[in-house]
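Novice:
Numbering (my numbering), first residue to last: 368 to 486.
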């Protein structure tokens with residue numbers, strides 16, 4: 368389950384990479400907090416960077432750092448559907464009024480997540 372949640376967060380934040388093309392509001396570091404996840408995965412940091420003209424996300428959860436660069440765009444919403452270790456992970460993500468919003472489910476069960484931009 369921890370690996371599923373970690374990969375879930377990786378994919379979630381990879382979705383935000385495309386959003387940067389339309390706004391600079393994503394640049395920099397963000398903190399996240401999540402509910403209904405295993406201990407150790409409730410909080411973490413995300414950093415949005417541009418390397419060689421391509422946006423990347425560095426996700427830090429506990430002692431793990433993961434770089435992500437995969438996304439699918441549908442209008443102003445970014446989506447990803449995965450099957451991880453037999454669990455279906457669905458992510459729907461967008462930036463609204465300078466804030467990050469996401470709907471995430473694992474096998475149909477919602478996972479609450481909120482973001483705060485670090486100064």
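Glycine included, every Cβ here is placed at the ideal spot set by N, Cα and C.
Is it the case that the Cβ atoms of residue 414 and residue 483 are separated by a distance below 8 Å?
Specialist: Residue numbering aside, residue 414 sits at position 47 when the chain shown is read from its first letter. Residue numbering aside, residue 483 sits at position 116 when the chain shown is read from its first letter. Not closer than 8 Å, so no.
Novice: Could you tell me the alpha carbon to alpha carbon distance between residue 402 and residue 479, rounded to whole angstroms?
Specialist: Working through the chain shown from its first residue, we reach residue 402 at position 35. Working through the chain shown from its first residue, we reach residue 479 at position 112. Taking the straight line joining both Cα atoms gives about 5 Å.
Novice: Quick test of your reading: residue 459 and residue 444, contact by CB under 8 Å. State the CB separation rounded to the nearest angstrom.
Specialist: One-based indexing of the chain shown puts residue 459 at position 92. One-based indexing of the chain shown puts residue 444 at position 77. Right, the Cβ-Cβ distance comes to about 6 Å (below 8 Å), so this counts as a contact.
Novice: Looking at residue 481: is its Cβ nearer than 8 Å to the Cβ of residue 400?
Specialist: Here the question's residue 481 lines up with position 114 in the chain shown. Here the question's residue 400 lines up with position 33 in the chain shown. Yes, Cβ-Cβ distance for residue 481 and residue 400 is below 8 Å.
Novice: DSSP on residue 472, reduced to helix/strand/coil?
Specialist: Looking up residue 472 in the chain shown gives position 105. Of the three classes helix, strand and coil, the one that applies to residue 472 here is strand, per DSSP.
Novice: Can you give me the C-alpha to C-alpha distance between residue 432 and residue 410, rounded to a whole angstrom?
Specialist: The residue labelled residue 432 in the question sits at position 65 within the chain shown. The residue labelled residue 410 in the question sits at position 43 within the chain shown. Answer to the nearest angstrom: the Cα atoms are 13 Å apart.
Novice: Any idea if residue 408 is buried or exposed, counting beta-carbon neighbours within 10 angstroms, 16 or more meaning buried?
Specialist: Position 41 of the chain shown holds residue 408. Classification of residue 408: buried, given that the 10 Å Cβ count is 16 or more.
Novice: Distance, Cα to Cα, residue 394 vs residue 455?
Specialist: Your numbering for residue 394 matches position 27 in the chain shown. Your numbering for residue 455 matches position 88 in the chain shown. Cα-Cα distance, rounded: 29 Å.
Novice: Put residue 409 into one of helix, strand or coil per three-state DSSP.
Specialist: The residue given as residue 409 occupies position 42 in the chain shown. Residue 409: coil per DSSP, three-state reduction.
Novice: Tell me, which residues are paired with residue 444 by DSSP?
Specialist: Walking along the chain shown from the start, residue 444 turns up at place 77. Beta-bridge pairing links residue 444 to 441.
Novice: Taking residue 486 as part of the beta strand (DSSP E), name the residues at either end of that continuous run.
Specialist: The residue you call residue 486 lines up with position 119 of the chain shown. Neither: residue 486 is in no beta strand (DSSP E) and is coded neither H nor E.
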